[in-house]
Amino acid sequence: MSVNLSKGQKISLDKEAGTGLGKIIMGLGWDAVKSKGFLGFGRSAPEIDLDASCLLFDEQGSLLDTVWFRQLGSRDGSIVHTGDNRTGAGDGDDEQIAVDLGRVPANVKSLVFTVNSFTGQDFSQIENATCRLVDASNNKEVARFNLTMTGGHTAQIMAKVYRHNGEWKMHAIGEAGSGRTFNDLLPQITPHL
3 MSVNLSKGQK ISLDKEAGTG LGKIIMGLGW DAVKSKGFLG FGRSAPEIDL
53 DASCLLFDEQ GSLLDTVWFR QLGSRDGSIV HTGDNRTGAG DGDDEQIAVD
103 LGRVPANVKS LVFTVNSFTG QDFSQIENAT CRLVDASNNK EVARFNLTMT
153 GGHTAQIMAK VYRHNGEWKM HAIGEAGSGR TFNDLLPQIT PHL
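Last residue of the sequence shown: number 195 in our numbering, and the count goes up by one each step with no gaps.
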């Protein structure tokens with residue numbers, strides 16, 4: 003059974019999955035808000051290009067590597083981005099980042115997942131935005147976090163997956179930000195490391 007996380011909530015991934023997790027998938031899904039047309043009939047939704055990224059940090063908070071639409075895999079091969087979805091069209095996850103937890107180098111303490119509106123629309127134009135963590139061995143959802151927030155922000159620090167006392171945990175951060183790529187969020191990420 004999946005856990006619906008609230009902002010700031012932390013969970014043990016192994017306890018929630020009921021087993022030691024080896025591989026996980028962080029899925030990002032969204033839909034564009036349909037505008038009302040003449041006489042209230044809906045017009046097609048605009049294309050919105052949200053981008054999921056994964057940033058790898060060490061114990062000191064130094065950025066070691068990044069996985070995003072311009073670099074689809076970590077240098078060590080433990081993390082892979084499935085590719086850029088530029089519209090949010092379709093059901094389910096629009097972008098996914100797969101992580102082989104057993105292959106993540108020992109010097110990596112935390113993985114921070116972000117989402118940015120590359121096309122610049124703010125989150126008031128986006129609905130049904132969620133990130134979810136899935137056990138890759140059986141495609142079972144472990145946790146879900148609702149990202150839909152009102153406001154003029156164009157980015158969000160979604161969640162952090164981190165090592166603590168020999169196990170992996172997840173922290174739903176949900177902090178709004180601004181910027182077209184993860185680089186713009188780096189100053190905001192630092193306090194969460």
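Note that beta-carbon positions come from the ideal geometry of N, C-alpha and C, so glycine has one too. For clarity, every value in this text was computed on a predicted model and none was experimentally measured.
Residue i - partner residues in DSSP beta bridges
| i | result |
| --- | --- |
| SER112 | PHE59, TYR164 |
| GLU177 | ILE159 |
| ALA54 | VAL117 |
| ASN148 | THR132 |
| GLY153 | None, per the DSSP bridge assignment. |
| LYS9 | Paired residues: none, contrary to the question. |
| GLY75 | VAL82 |
| ASP67 | LEU58 |
| ASP137 | ILE26, LYS142 |
| GLU49 | BP columns for GLU49 are empty, so no partner. |
Nearest-angstrom Cα separation, counted from residue j out to residue i
| i | j | result |
| --- | --- | --- |
| LYS25 | GLN123 | 32 Å |
| ILE50 | SER180 | 15 Å |
| SER8 | THR150 | 12 Å |
| THR156 | GLU18 | 31 Å |
| ALA196 | ILE27 | There is simply no residue 196 to check, as the chain begins at 3 and stops at 195 in what is shown. |
| ASN13 | MET172 | Going by the sequence as given, residue 13 is Ile instead of Asn. So the alpha carbons of these two residues sit roughly 5 Å apart. |
| LEU195 | LEU65 | 10 Å |
| PHE120 | LEU58 | 21 Å |
| ASP183 | LEU113 | The sequence given here places Thr at residue 183; Asp does not occur at that position. For THR183 and LEU113, the distance between alpha carbons rounds to 16 Å. |
| ARG165 | GLY104 | 12 Å |
| GLY85 | SER126 | 25 Å |
| PHE71 | GLY79 | 15 Å |
| SER4 | ASP53 | 24 Å |
| VAL136 | ASP95 | 11 Å |
| LEU187 | ASN140 | 33 Å |
| PHE147 | ALA131 | 9 Å |
Three-state secondary structure assigned by DSSP to residue i
| i | result |
| --- | --- |
| LYS25 | strand |
| THR192 | helix |
| GLY31 | strand |
| LYS142 | strand |
| SER14 | strand |
| GLN98 | strand |
Per-residue burial, residue i [other beta carbons within 10 Å of its own, 16 or more giving buried]
| i | result |
| --- | --- |
| LYS111 | buried |
| GLY31 | buried |
| ASN196 | The structure shown does not extend to residue 196, since the chain is modelled only from 3 to 195, so the question has no answer here. |
| HIS83 | buried |
| ALA174 | buried |
| ARG134 | buried |
| ASP176 | The sequence as given places Gly at residue 176; Asp does not occur at that position. GLY176 comes out buried. |
| ALA108 | exposed |
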